[in-house]
Amino acid sequence: MGVGHIKVGTASSRFAAWIASGFILVAIFLPFVAGRSLLQDLFFIFSMLVLTQWWNLLAGYGGLVSVGQQAFVGIGAYAMFGSVILGNVDPVVSILIAGFAAFVLSVPTAFLAFRLHGAYFAIGTWVIAEVMRLGVAQWKAVGGGTGTSLPRSATRDMWFVDGISVLFDVKTSAARDILAYWLSLFLMVTTIAVIYWFLRTRRGLALFAVRDNSQAAQSVGINDFISKLIVYFMAAFGTGLAGGLIYLQKARISPDSAFSVLDWTAYVIFIVVIGGIGTLEGPIVGVLVFFLLQSLLSDFGSWYLMTLGVIGIAVMLFAPKGLWGLFTERTGMELFPTRRQLVIPEKET
Amino acid sequence: MLKLVKMCKSFGAVCVADEISFEVSKGQALGVIGPNGAGKSTLFNLITGNLPPDRGYIGFEEQDITRLPPMKRVRMGIGRSFQIPQPFHRMTVFENLMVAAAFGRGLSEAEVIDDCVSILEQTEMVPRANVLAGQLSLLERKRLELARALATEPKLLLLDEIAGGLTEGECQKLIATIRGIHRTGVTIVWIEHVLHALTSVVDRLLVLDFGRVIGIGDPMSIMASKEVKEIYLGIDV
Ligand SMILES: Nc1ncnc2c1ncn2[C@@H]1O[C@H](COP(=O)(O)OP(=O)(O)O)[C@@H](O)[C@H]1O
Ligand SMILES: [Mg+2]
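Chains S and R, in that order, give the protein sequences.
Using our numbering, you'd call the opening residue of the first sequence number 2 and step up by one each time.
Using our numbering, you'd call the opening residue of the second sequence number -3 and step up by one each time.
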């Protein structure tokens, strides 16, 4: 018999688990009642949430502040297009190829970027993404610099689309939206589950230690390089999957949009910062706020971007732990606790 | 067990380790003294691999470890505490020990719980187990340094000024704890200014000044030597 055991869950996290299960259930059946535009909005929210969770794992937990995640969105998207157009692969399967392509790309980029530290790492990741964008623009088979669309035949014959259009009695274009919505829901839920699982493994514990003090981490036997590398690879794979899915839904691609630093990194950083960096809850809060702001302000063009900038700076100055940080400081609530609490049973006297 | 041969390290023009050579055999306890800035902590950083040497050789248990990274040395059994405590401040005391035990020994979290609890008991940190390390007092941080080093299950334990600032009573407790660790067969190298604490545990003393070993031997004769009195104690003889 052991003398103690570990407890991780809290009352609020058990409550949150129930709420989350309820939410997932509702979300699965939503297409039966919801209109197309709501599903498209949710697709946007879920796919941004996937990107922000991976960036948050990188920067918030791993200390790797990348401004080049668009490299993995872009390469994932292009791998998806390439395998559909050139390889006649089903688009749904090609999303997996997108993830693997991004992972494969992350091996040489890790080799380059990990030689750089801090601000140089950030700039390095951005430069890599720019080089990728310029490189892909030379790829004529997928439209070169101007881009291309997914062939009609591919999207029409896509797996599940027929079934969905019969089941819901809708046109194939609407059926495609439903499929994309479900895939984004699935990807979002698995992303959060995988990251949460990872943080609760011993590798996750090592990541916390490296974040707090990398010298001390080395002095207790942790390889900080390996720790960061694992996170970098995971983030690349997940970001690539999201890239593939996002462009499956868009069905049209160009190098400038797929490798857009504004869409796939700047907005992502904004979301994580206002929500709360280094927590799983932060990006969820952040993406909702971001969506609201976008719906309210996107008609105002450059005013919209300036407002985002001002809000971002205000949060950084007055609530550096983000909105979720403010909330959790007051309530002590955590939806995804990772703290290993030691419980020692009272000794018999 | 530990063997240093002509270890050299300079920061710019300042030489902080000047051809340092000595050996510590298994089960021994060696005390290290010397004025501030003599290069004592640097010596530890060379032994643990936190700093690369300019020249020289370090062997541990007959193996050349001169070029091994710190984490490999920990796995081999070299544990250390830092003079300025370096806790994982956003982790709890217990998590600090658990991560050290799991990675220092290559075990799973579940496998190290019981050992971490015994170390908490040994270092009297049980009531603080679930407190964030960043919230500890300085004394508690020093105790955490010792506890975390023990969690890696070292064969060679390097202690860097863990008794500084303790009251007499606390110091006696610490001495008892370290004696207990030594009795279990752990080899110890201990840097300390509190001489009576040191001499009540160690078999030998090493005196460092300006990066050079100016004396090594049994505590009585070292303390009596003219050089040590002049340089270290600042007494005119
Ligand atoms: N990383 C470093 N870079 C430059 N100088 C250093 C570094 N670490 C220590 N020193 C210098 O080396 C000398 C020895 O330091 P240290 O080993 O900490 O001495 P001690 O522990 O004996 O007080 C000091 O003058 C210190 O300022
Ligand atoms: Mg020192």
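Yeah, the Cβ is synthetic: ideal placement off N, Cα and C, and Gly gets one too.
Predicted, not measured: the structure shown is a model, and the values here were computed from it.
Where residue i sits in the DSSP three-state scheme
i: Leu47(R); result: coil
i: Gly207(R); result: coil
i: Phe73(S); result: helix
i: His189(R); result: coil
i: Met307(S); result: helix
i: Ile212(R); result: strand
i: Ile61(R); result: coil
i: His85(R); result: coil
i: Arg76(R); result: strand
i: Lys22(R); result: coil
i: Val221(S); result: coil
i: Lys(-1)(R); result: strand
i: Thr149(S); result: strand
i: Glu120(R); result: coil
i: Phe115(S); result: coil
i: Glu15(R); result: strand
i: Asp232(R); result: Note on Asp232(R): pLDDT 48, under 50, position unreliable in the model; the coordinate value appears next. Three-state DSSP puts Asp232(R) in coil, outside helix and strand.
i: Val28(R); result: strand
i: Leu146(R); result: helix
Straight-line Cα distance separating residue j from residue i
i: Gly5(S); j: Ala97(R); result: 16 angstroms
i: Asp178(S); j: Trp198(S); result: 30 angstroms
i: Gly100(S); j: Phe169(S); result: 30 angstroms
i: Gly73(R); j: Leu106(S); result: 38 angstroms
i: Thr339(S); j: Leu200(S); result: 7 angstroms
i: Ile184(R); j: Val95(R); result: 22 angstroms
i: Trp265(S); j: Val74(S); result: 7 angstroms
i: Ile61(R); j: Val70(R); result: 11 angstroms
i: Val290(S); j: Phe99(R); result: 40 angstroms
i: Trp55(S); j: Ser67(S); result: 11 angstroms
i: Phe1(S); j: Phe30(S); result: Residue 1(S) falls outside the range modelled here, since chain S spans only 2 to 350, and no answer is possible.
i: Leu152(R); j: Lys138(R); result: 18 angstroms
i: Glu(-2)(R); j: Arg204(S); result: For the record, residue -2(R) in the displayed sequence is Leu; it is not Glu. Taking the straight line joining both Cα atoms gives about 31 angstroms.
i: Ser37(R); j: Asp156(R); result: 7 angstroms
i: Phe260(S); j: Gly302(S); result: 21 angstroms
i: Ala217(R); j: Lys225(R); result: Checking the displayed sequence, the identity of residue 217(R) turns out to be Ser instead of Ala. Cα to Cα, Ser217(R) sits roughly 11 angstroms from Lys225(R).
i: Ile231(S); j: Leu146(R); result: 28 angstroms
i: Ala28(S); j: Leu186(S); result: 8 angstroms
i: Lys172(S); j: Ser48(S); result: 23 angstroms
i: Arg341(S); j: Ala106(R); result: 11 angstroms
i: Lys222(R); j: Gly207(R); result: 19 angstroms
Which residues DSSP lists as bridging residue i, in chain order
i: Asp156(R); result: Ile187(R)
i: His6(S); result: Val344(S)
i: Arg331(S); result: Note: Arg331(S) sits in no beta bridge, so no partner.
i: Phe7(R); result: Val10(R)
i: Tyr53(R); result: Val1(R)
i: Gly164(S); result: Paired residues: none, contrary to the question.
i: Arg200(R); result: Leu26(R)
Neighbouring residues (CB closer than 6 angstroms to any heavy atom of ligand 1): The answer, residue by residue, is Phe7(R), Val12(R), Gly30(R), Asn32(R), Gly33(R), Ala34(R), Gly35(R), Lys36(R), Ser37(R), Thr38(R).
Near-chain R residues of the region 314 to 344 of chain S (beta-carbon distance less than 7 angstroms), N- to C-terminal order: Arg340, Arg341, Gln342, Leu343
Under 8 angstroms (Cβ pairs) to chain R, residues found in the region 208 to 234 of chain S: So the list reads Phe209, Ala210, Arg212, Asp213, Asn214, Gln216, Ala217, Ala218, Gln219, Ser220, Val221, Gly222, Ile223, Asn224, given in the order they occur along the chain.
Residues from the region 4 to 17 of chain S in contact with chain R, defined by Cβ distance under 8 angstroms: Val4, Gly5, His6, Ile7
Interface residues of the region 98 to 111 of chain R facing chain S [CB-CB below 7 angstroms]: Ala98, Phe99, Gly100, Ser104, Glu105, Ile109, Asp110
Members of the region 51 to 68 of chain S near chain R, C-beta cut-off 8 angstroms: none
Contact list for the region 46 to 57 of chain R against chain S, Cβ threshold 7 angstroms: Under the 7 angstroms Cβ criterion, the region 46 to 57 of chain R contributes Asn46.
Residues of the region 96 to 123 of chain S with Cβ closer than 9 angstroms to any Cβ of chain R, in chain order: none
Residues within the region 185 to 209 of chain S neighbouring chain R, beta-carbon criterion of under 8 angstroms: When C-beta distances to chain R are compared with 8 angstroms, the residues of the region 185 to 209 of chain S below that value are Arg203, Leu206, Ala207, Phe209, in chain order.
Members of the region 137 to 148 of chain R that neighbour chain S once the beta carbon cut-off is set at 7 angstroms: Residues passing the 7 angstroms Cβ filter: Arg144, Thr148.
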